[in-house]
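> Submitted below is the structure of interest, expressed as structure tokens.
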Amino acid sequence: MFENQQRDDVEALMKADAEFRRLYQHHKQLDSKVHDADIGVLPIDDVTLASMKKEKLLAKARLQRMWESRAHLIH
């Protein structure tokens, strides 16, 4: 996520915006769990996995909107 952004800029926004930081960390946790489920390390049912993937996508979309509306604040 935010691969095209400068790491320093993402970290600055995380420091400046607690909601962005919380959502970013939540997305990372979901991403890790989805990855683990996909490779078979985390045994969960298909419905739960689909729900986690949807939640992850919603979090990513919200983070992107937050980034676009607030990134100018860090410069």
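Note that our numbering has the sequence shown beginning at 421, numbered continuously upward. Here a beta-carbon is modelled for each residue, glycine too, at the ideal position from N, C-alpha and C.
Reducing DSSP to helix, strand and coil, say where V461 ends up.
For the purposes of this step, residue 461 is identified with residue 41 of the sequence shown, where counting begins at 1. It is coil, neither helix nor strand.
> In the DSSP assignment, find the unbroken alpha helix (DSSP H) run with D437 in it and report its ends.
As a working mapping, residue 437 is identified with position 17 in the sequence shown. It is not in any alpha helix (DSSP H) - D437 carries neither H nor E in the DSSP assignment.
> In the structure shown, what three-state DSSP assignment does Q449 receive?
Numbered from its first residue, the sequence shown carries residue 449 at position 29. Reduced to three states, the DSSP call for Q449 is helix.
> Below 8 Å on the Cβ atoms is my contact criterion, and I expect K476 with D451 to pass it. Report the Cβ-Cβ distance as a whole number of Å.
Reading the sequence shown from its first residue, position 56 is the one you call residue 476. Reading the sequence shown from its first residue, position 31 is the one you call residue 451. Indeed they touch by this definition, with Cβ atoms about 6 Å apart.
> In whole angstroms, give me the CA-to-CA distance for I464 and Q449.
Within the sequence shown, numbered from 1, the residue matching residue 464 stands at position 44. Within the sequence shown, numbered from 1, the residue matching residue 449 stands at position 29. One C-alpha to the other measures close to 15 Å.
> Apart from the five residues just before and just after Y444, which ones in its own chain have a Cβ nearer than 7 Å to its Cβ?
Taking the first residue of the sequence shown as 1, we reach residue 444 at position 24. Correct list, in chain order: M434, L483.
> Among the residues of its own chain, which have a CB less than 8 Å from the CB of V454, if the five just before and after it don't count?
Taking the first residue of the sequence shown as 1, we reach residue 454 at position 34. Cβ within range, chain order: L469, M472, K473, K476.
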